[in-house]
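2 protein chains.
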Amino acid sequence: MRVETPAFVAVDWGTSSLRLWLMAADGAVLAETRSAEGMGGLSPDAFEPVLRGRLQGLGPAVAAMPTPLRVVLCGMVGARQGWREAVYVDVPAPLDAVAGRAVSPAADGLDARILPGLSARGDRPDVMRGEETQLLGLVLDAPALSATVCMPGTHSKWVTLDEGRVAGFSTVMTGEFYALLAGQSILRHTVAGSSGSGDPAAPAFVGGLADGLSAPDDALARLFGIRAAGLLSGLPAADAADRLSGLLIGAEVGARLARADAGAEVVLVASGRLAALYAAALRAAGRSHRLVDADAAVRGGLVHAARALWPEIQP
Amino acid sequence: MRVETPAFVAVDWGTSSLRLWLMAADGAVLAETRSAEGMGGLSPDAFEPVLRGRLQGLGPAVAAMPTPLRVVLCGMVGARQGWREAVYVDVPAPLDAVAGRAVSPAADGLDARILPGLSARGDRPDVMRGEETQLLGLVLDAPALSATVCMPGTHSKWVTLDEGRVAGFSTVMTGEFYALLAGQSILRHTVAGSSGSGDPAAPAFVGGLADGLSAPDDALARLFGIRAAGLLSGLPAADAADRLSGLLIGAEVGARLARADAGAEVVLVASGRLAALYAAALRAAGRSHRLVDADAAVRGGLVHAARALWPEIQP
């Protein structure tokens, strides 16, 4: 067994959760811890003590590391209401700019660097925080990657990468729509609390997907059909949830692929249930894709940034 | 002054409100009353006493009318959870079928008739309750009307009328989307409780409308831009509300007109703010239209039904 020396701490600090990894210079994970202390529940002066507390969770190796301790962070921790604002980098921009524009909050004994998000201005204003680090992970071993990147979630991001530069991106609030429609709209009477099968082969999901993909502009008008099918033919709750999921994902994927380079590689950055559902959508749309695990991508991006921030860290 | 004899009582009983009109045979309104006792808050056995109470509100002329008192009702009062279920009429169907399939709840001294809604089965299940009576009003003086009918609301209805028959219809949950997105989604931080200008000439509405109309399939991806514009450039709350309204209405109108007969007359059945906003959307889409007041349409439909139900009522 090779014993690796800890080189830095990587932190993904989102709205609702916090994850820390103790990393070796070569990108190996030496220890991991997570908590529910997301940015959403913290005031700006709470971040540093929370971080110090969580560093203990990585074990005694952290205390033995030389100070100042190198900590690279991404996500909502850099928002205006976070620990310290890391102002968005405007696209188009090379991904290198993300590490180049990190900010350093003052913290005794810590060399903390918070990565900025990306913004698009002009006719299609847009922002991301956290996903830019996943993109940075994609180009860790492929600096000149060109691809259409699909990053599904509460707010899905679709990114056009052009030789390692972010040419543009678009956010679709698919996960949030799903939650609002299933839980708060008139469709809740039919979905009835079901979280669906999560099975990409479920006929109700496949049918919704086909309808959403074939006519994304018609999807909003098809949603009420879920309620109508409940009234007219007793559509089961799990089928209603699956059909809702299929319609929304199909409409998202259909509309985005219609605007993407037909020849570009499609990279799906996702995990778990969403990875399976979006993979099915891409297949149904006739597009092959490469799947990259979302956690691996964010860790890869933090490694990428750490090597740029601290040149002494090299594999 | 001509004194007209009351011929029947017309009732529009929706989820959240109840309106009664004392009507002459020629369609003149002799008295009107309304209350907030909508179907949504009533158990099945509460409808009859509520109706009797509200009939008093129409004045002494009602007590002087011969019994059984003729009362024609439309709306959610005929839903499964209403007073008595009036089973949907499946389309395609002539509008005459609506009066022909009315149901009669037992009520001493009342000749009450509840009009059914319409349903679509098959690949695009859909239902309406209440709007079919507005359609019946449209064909009161034009029995062979052919038109694309737009009835905006919480759940907008788009109806294809073909020589007095309902060929098909589609529901778009635009009003409900608007309320969910403005009040419950991440966009609420930017909309900040504003109800918008309601001005169809407001630049933010006009811009949203143009974006929604030109690419209805892209509207879901443009919604998050409202939040991004709030973060990046301090988009004012009223502009955020107007843009949200424009995007959703534009996407609805654009997607529906793309599926409508390009040569058909467009009839907009609406009142107040929605009439002005949807009229602007139809104009921006390059379609002329005829505006029919929504209240006038439902009363016209109840007159139409009353004459079919009680042949002694004629103008």
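Sequence lines, in order, name chains A and B.
In this text, residue positions in the first sequence follow UniProt numbering: the first is 1, and each later residue adds one.
In this text, residue positions in the second sequence follow UniProt numbering: the first is 1, and each later residue adds one.
Glycine included, each C-beta is placed from N, C-alpha and C at the ideal position.
Remember, it's a predicted structure, so these values are computed and weren't measured experimentally.
Checklist entry - Would you say the segment 192–204 of chain A touches the segment 228–241 of chain A, given that touching needs at least three Cβ pairs under 8 Å? => result The segment 192–204 of chain A is in contact with the segment 228–241 of chain A.
Next on the checklist: Determine, for B/Ser146, whether the minimum Cβ-Cβ distance to residues of chain A falls below 8 Å.
Outcome noted: No, B/Ser146 does not count as interfacial toward chain A.
Next on the checklist: Only counting the same chain, and skipping five residues up and downstream in sequence, which positions put a Cβ closer than 7 Å to that of A/Asp295?
Outcome noted: Hits under 7 Å: Ser271.
Item to check | Of the listed residues A/Ala281, A/Lys157 and A/Leu309, nearest to A/Asp199 (C-alpha basis) | outcome: Per the Cα distances, A/Ala281.
Next on the checklist: With a threshold of 8 Å, are at least 3 pairs of Cβ atoms found where one atom belongs to the segment 134–144 of chain A and the other to the segment 209–224 of chain A?
Outcome noted: With a cut-off of 8 Å, the segment 209–224 of chain A and the segment 134–144 of chain A do not count as touching, because too few Cβ pairs lie within range.
Next on the checklist: Under DSSP, the beta strand (DSSP E) around A/Val62 begins and ends at which residues?
Outcome noted: Looking at the DSSP string, A/Val62 is not in any beta strand (DSSP E); the run it does join, the alpha helix (DSSP H), is Pro60 to Ala63.
Next on the checklist: For B/Pro143, count the other beta carbons within 10 Å of its own beta carbon; 16 or more makes it buried, fewer makes it exposed. Which is it?
Outcome noted: A residue is called buried when at least 16 other Cβ atoms come within 10 angstroms of its Cβ; B/Pro143 does not meet this threshold and is exposed.
Checklist entry - A/Leu209: beta carbon under 7 Å from a heavy atom of the ligand GDP? => result This structure simply doesn't include the ligand GDP, nor any ligand for that matter.
Next on the checklist: So with CB distances below 7 Å, who are the chain B contacts of A/Arg121?
Outcome noted: Chain B residues near A/Arg121: Leu232.
Item to check | Cutoff 8 Å: residue 319 of chain A Cβ touching any chain B Cβ | outcome: Shown here, chain A extends from 1 to 315; a query on residue 319 of chain A therefore has no answer.
Checklist entry - How big is the Cα-Cα spacing for B/Pro60 and A/Asp211? => result Those two C-alpha atoms are separated by around 56 Å.
Item to check | 7 Å Cβ cut-off: residues of chain A touching B/Gly225 | outcome: Residues of chain A with a Cβ closer than 7 Å to the Cβ of B/Gly225 are, in chain order, Arg124, Pro125 and Asp126.
Checklist entry - If we ignore side chains and look at the alpha-carbon of each, how far apart do B/Ser17 and B/Ser35 end up? => result Cα to Cα, the separation comes out at about 6 Å.
Next on the checklist: Could you give the first and the last residue of the continuous beta strand (DSSP E) run that contains B/Ser156?
Outcome noted: Residues Ser156 to Asp162.
Next on the checklist: 8 Å is my cut-off, CB to CB: does A/His155 come that close to chain B?
Outcome noted: For A/His155, at least one C-beta of chain B is nearer than 8 Å to its own C-beta.
Checklist entry - Are the segment 171–180 of chain A and the segment 179–188 of chain B touching, with three or more C-beta to C-beta distances below 8 Å? => result Taking a cut-off of 8 Å for Cβ pairs, the segment 171–180 of chain A and the segment 179–188 of chain B touch, as three or more such pairs fall below it.
Item to check | is_contact[A/Pro143, chain B] using C-beta, thresh 8 Å | outcome: So, not an interface residue.
Checklist entry - For the putative contact between B/Asp162 and B/Ala204, defined by C-beta atoms under 8 Å, what is the C-beta separation to the nearest angstrom? => result Contact doesn't hold; Cβ gap of about 38 Å is too wide.
Checklist entry - Which residues in the same chain as A/Val9 place their Cβ atom closer than 8 Å to its Cβ, once the five residues preceding and following it in sequence are excluded? => result Within the same chain, Cβ atoms closer than 8 Å to the Cβ of A/Val9 are found at Leu20, Trp21, Leu22, Met23, Leu55, Leu58, Val62, Leu69, Arg70, Val71 and Val72, the five residues on either side in sequence being excluded.
Next on the checklist: Rounding to the nearest angstrom, what Cα-Cα distance links A/Pro92 and A/Glu265 in this structure?
Outcome noted: Taking the straight line joining both Cα atoms gives about 19 Å.
Checklist entry - Is the Cβ of B/Pro44 closer than 8 Å to any Cβ of chain A? => result Using beta-carbon distances, B/Pro44 does not count as an interface residue toward chain A, since no partner is under 8 Å.
Item to check | the segment 167–191 of chain B: positions lying closer than 8 Å to chain A by Cβ | outcome: So the list reads Ser170, Thr171, Val172, Met173, Thr174, Glu176, Phe177, Leu180, Leu181, Gln184, Ser185 and Ile186, given in the order they occur along the chain.
Next on the checklist: What are the residues in the segment 249–267 of chain B lying within 8 Å of chain A by C-beta distance?
Outcome noted: Listed in sequence order: Ala251, Glu252, Gly254, Ala255, Arg256, Ala258 and Arg259.
Checklist entry - Looking at the C-beta of A/Pro66, does it have a partner C-beta in chain B at a distance below 8 Å? => result At a cut-off of 8 Å between C-beta atoms, A/Pro66 does not count as an interface residue with respect to chain B.
Item to check | Spatial distance of B/Ala97 from A/Gly254 (CA atoms) | outcome: Rounded to whole angstroms, B/Ala97 to A/Gly254 spans 40 Å at the Cα level.
Next on the checklist: At the 8 Å Cβ level, is B/Leu220 part of the contact set with chain A, yes or no?
Outcome noted: It does: the Cβ of B/Leu220 has a partner Cβ on chain A nearer than 8 Å.
Checklist entry - Per DSSP, what kind of secondary structure is B/Ala28 in: helix, strand or coil? => result Secondary structure at B/Ala28: coil, using DSSP grouped into helix, strand and coil.
Item to check | Residues bridged to A/Leu291 [DSSP beta-bridge criterion] | outcome: Answer is A/Leu268.
Checklist entry - In chain A, which residues lie with their C-beta within 9 Å of the C-beta of B/Ala237? => result Simply none; closest approach about 16 Å.
Item to check | Residues that A/Ala229 contacts on chain B, provided the C-beta gap is smaller than 8 Å | outcome: Those are Pro125, listed as they occur along chain B.
Checklist entry - Taking Cβ positions only, does A/Pro216 come closer than 8 Å to chain B? => result Interface residue (Cβ-Cβ distance to chain B less than 8 Å): A/Pro216 is classified as such.
Checklist entry - Going along the chain, which residues of its own chain have a beta-carbon closer than 7 Å to the beta-carbon of B/Val88, five neighbours each way excluded? => result According to the sequence shown, residue 88 of chain B is Tyr rather than Val. Cβ neighbours of B/Tyr88 beyond the five flanking positions: Pro116, Gly117, Leu118, Ser119 and Val127.
Checklist entry - From B/Ser104 to B/Arg113, what does the alpha carbon distance come to, in whole angstroms? => result Using only the alpha carbons, I get a separation of about 5 Å.
Next on the checklist: Given a cut-off of 8 Å on the beta-carbon distance, is the pair B/Leu247 and B/Arg222 in contact?
Outcome noted: For B/Leu247 and B/Arg222, yes; Cβs fall inside 8 Å.
Item to check | Segment limits, alpha helix (DSSP H) that includes B/Thr5 | outcome: For B/Thr5, no alpha helix (DSSP H) encloses it, and the DSSP letter there is neither H nor E.
Item to check | C-alpha gap between B/Phe169 and B/Arg259, whole angstroms | outcome: Cα to Cα, B/Phe169 sits roughly 11 Å from B/Arg259.
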